[in-house]
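What follows is a single structure, written as structure tokens, with notes after it.
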Amino acid sequence: CKNGYGIVEVPISYHPRSFEEGKKIRAKDGLRALFTILTDRFLA
């Protein structure tokens with residue numbers, strides 16, 4: 007690359023959160039989002 011710098015791959019560790027630790031997105035949240043999208047689309 008320019009100026010003598012190169013691209014280096016750096017290893018990372020990834021530990022996903024469990025369901026208890028993570029975000030709780032349920033069907034209710036999806037329905038609320040769909041309702042908001044549709045009302046904004048047709049009533050705005």
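Numbering (my numbering), first residue to last: 7 to 50. For glycine and all other residues, C-beta sits at the position ideal for the given N, C-alpha and C.
{"Check": "Assuming Cys36 is part of the alpha helix (DSSP H), what are its boundary residues?", "Outcome": "First, the amino acid is wrong: residue 36 is Gly here, not Cys. First-last of the alpha helix (DSSP H) with Gly36: 33-49."}
{"Check": "Lys30 to Leu37, Cα distance in whole Å?", "Outcome": "14 Å"}
{"Check": "For Asn9 and Ser19, I'd like the C-alpha separation in whole angstroms.", "Outcome": "30 Å"}
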